[in-house]
């Protein structure tokens with residue numbers, strides 16, 4: 027059920043902060059940043075799910091060993107220094123001084139090793155790294171080593187990966203939780219502390235400045251550098267109605283909106299008290315995902331038939347609208363980047379419905395409806411499924427589109443039961459472009475069966491190609507392998523990429539410091 031906030035309800039939500047300010051007249055009122063995100067936060071474990079709203083929660087309270095800066099370079103974050111043996115198989119990491127969990131205990135190398143091991147069982151990029159890891163071992167309280175079986179070309183890129191699943195460091199007790207079960211504790215070492223007692227899913231989540239956090243000395247850049255918190259408190263207000271978001275930021279009831287609905291951008295462009303912020307200049311990529319485990323998409327001809335129905339601009343017009351904010355792109359690894367290759371024969375750009383019908387006939391399709399999950403609470407995804415339903419039906423499929431909120435979809439996509447038993451056949455999602463720049467960071471390209479991302483593709487040939495890419499240190503050879511991997515993904519119809527899009531956020535004019543990064547982080551943000 028959607029929770030709607032009018033001005034009275036909003037006043038009730040913030041009354042606690044006002045009361046605190048009134049009891050401390052001699053002190054300056056606490057600086058509170060009220061922030062509306064693109065979806066509701068119900069899952070608090072950023073290793074258990076790849077949902078971006080949970081990833082963002084992770085960046086608030088946890089920290090990482092390495093981080094990606096604004097130039098896409100990977101820099102130490104919790105790590106003070108690291109060394110690599112001459113044969114490039116032994117990596118030694120030493121933590122910086124002053125790292126402390128929110129409960130006052132020091133961060134240790136044991137915590138980090140346990141965190142990496144749990145993350146390594148869930149994240150697709152981590153799984154590939156772990157295939158090359160012989161041993162993770164603590165040396166002392168601040169030092170640990172990673173012994174590789176052979177040199178691996180993407181160690182820092184993996185440990186510093188910017189987006190889901192992010193290798194957040196957690197206390198050893200939490201990190202020892204079964205990776206397929208959610209953690210129950212939310213203690214981190216990051217720049218904010220999650221205030222569980224004041225947070226209520228469906229209404230708001232509260233984060234207090236971690237006054238004991240010691241930022242790095244470097245200036246902030248992307249997700250790297252000094253994480254300096256400039257507000258006392260962040261309140262993430264759950265406000266799913268997009269028109270209400272626009273009204274609330276115009277009225278000054280909220281300070282930041284992460285992602286604006288494209289059709290309402292013109293309204294805020296005219297508001298002198300609101301600024302648009304292009305915080306993710308690399309943009310995003312739409313995706314369609316098939317379930318390889320169950321019929322009918324266990325049959326590659328069925329998946330290929332579906333891909334032949336895809337027509338990117340139909341999606342982009344329906345979801346984004348203005349050409350200023352989208353790009354038709356048949357490259358899996360993002361147009362304008364080193365690994366970009368156009369798909370052959372206009373695939374994914376121009377539909378071929380007759381080819382789809384022919385493949386369905388070859389596959390013996392019996393007309394059983396395809397269960398297509400539609401998200402109704404992420405505005406940029408809401409119109410994806412209706413376009414797919416229309417395109418697939420033109421290509422000979424029958425489609426049962428089932429509507430649900432995003433968190434329900436995120437939970438249901440984990441199920442491997444047949445579609446008529448609570449499972450699914452197709453769903454849509456999107457990734458920040460930084461997640462899909464190469465065949466290892468792109469979780470959709472992993473094809474290691476039950477270990478793969480939802481949809482669970484199983485293709486040993488793809489995994490051989492990805493291993494070759496992971497080992498390769500020559501950029502030219504790596505680019506050629508990326509092209510071969512994209513070709514393989516199209517040949518097996520592993521999944522579909524459906525164009526790039528861009529979308530600004532918005533802040534009140536008295537808010538500044540929103541960093542350019544693939545993740546909307548709230549350190550460095552100041553409210554005057």
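Residue numbers (my numbering): 27 to 554. Glycine included, each C-beta is placed from N, C-alpha and C at the ideal position.
Using a Cβ distance threshold of 8 Å, residue 360 and residue 462 count as a contacting pair. Between residue 311 and residue 506, the C-beta gap is not smaller than 8 Å, which leaves the two residues out of contact. In the DSSP secondary-structure assignment, residue 314 is bridged to 454, 522. Ranked by Cα distance from residue 510, the first of 482, 488, 529 is 488. Bridge partners of residue 352 according to DSSP: 527. Residue 135 sits in a helix when the DSSP states are folded into three classes. A direct Cα-to-Cα measurement between residue 226 and residue 255 gives close to 23 Å. In the pairwise beta carbon analysis, the region 440–460 is classified as not touching the region 282–298: fewer than three pairs are separated by under 8 Å.
For the pair residue 541 and residue 246, the CB atoms are nearer than the 8 Å cut-off. A Cβ-Cβ contact shorter than 8 Å links residue 518 with residue 485.
The alpha carbon of residue 90 has as its nearest neighbour, out of 272, 372, 125, the alpha carbon of 125. With contacts defined as CB atoms closer than 8 Å, residue 331 and residue 421 qualify as a contacting pair. Going by DSSP, residue 293 is part of the alpha helix (DSSP H) stretching over 291–295.
For the pair residue 496 and residue 483, the CB atoms are not nearer than the 8 Å cut-off. Less than 8 Å separates the beta-carbon of residue 153 from that of residue 477.
Counting only the Cα atoms, residue 531 lies some 5 Å from residue 285. According to DSSP, residue pairing for residue 533 in a beta bridge involves 282, 301.
With contact defined as three or more Cβ pairs closer than 8 Å, the region 149–169 and the region 125–138 are in contact. In the DSSP assignment, residue 62 falls within the beta strand (DSSP E) that extends over 58–62. In the structure shown, residue 498 falls within a coil segment according to DSSP collapsed to helix, strand and coil. Taking a C-beta distance under 8 Å as the contact criterion, residue 106 and residue 118 do not qualify as a contact pair. Taking each of 365, 294, 430, 428 in turn and checking the Cα distance to residue 268, the smallest one comes out for 294. Excluding its 5 nearest sequence neighbours in each direction, residue 175 has C-beta neighbours in its own chain below 6 Å: 158, 160, listed in chain order.
Between residue 354 and the set 364, 249, 369, the nearest pair of CA atoms involves 369.
Look at the beta carbons and you see the region 342–351 touching the region 523–538: at least three pairs across the two are nearer than 8 Å. In the pairwise beta carbon analysis, the region 251–265 is classified as touching the region 59–78: at least three pairs are separated by under 8 Å. By a beta-carbon distance limit of 8 Å, residue 296 does not contact residue 533. Their separation comes to about 16 Å.
With fewer than 16 other CB atoms across the displayed protein chains lying within 10 angstroms of its CB, residue 448 is exposed.
For the region 376–419, the full-length beta strand (DSSP E) segments reaching 3 residues or more read 396–401 along the chain. Residue state for residue 226 is assigned as strand, using DSSP reduced to three classes.
Within 10 angstroms of the beta-carbon of residue 251 lie 16 or more other beta-carbons, which makes it buried. By the C-beta criterion, the region 382–399 is judged to be in contact with the region 415–433, since at least 3 inter-stretch pairs fall below 8 Å.
A direct Cα-Cα distance of roughly 14 Å separates residue 249 from residue 184.
Leaving aside the five residues that flank residue 552 on each side, the residues in its chain whose CB is nearer than 6 Å to its CB run, in chain order, 256, 538, 539.
Leaving aside the five residues that flank residue 305 on each side, the residues in its chain whose CB is nearer than 8 Å to its CB run, in chain order, 530, 531, 540, 541, 542, 543, 546. Straight through space, the alpha carbons of residue 259 and residue 454 are spaced by roughly 34 Å.
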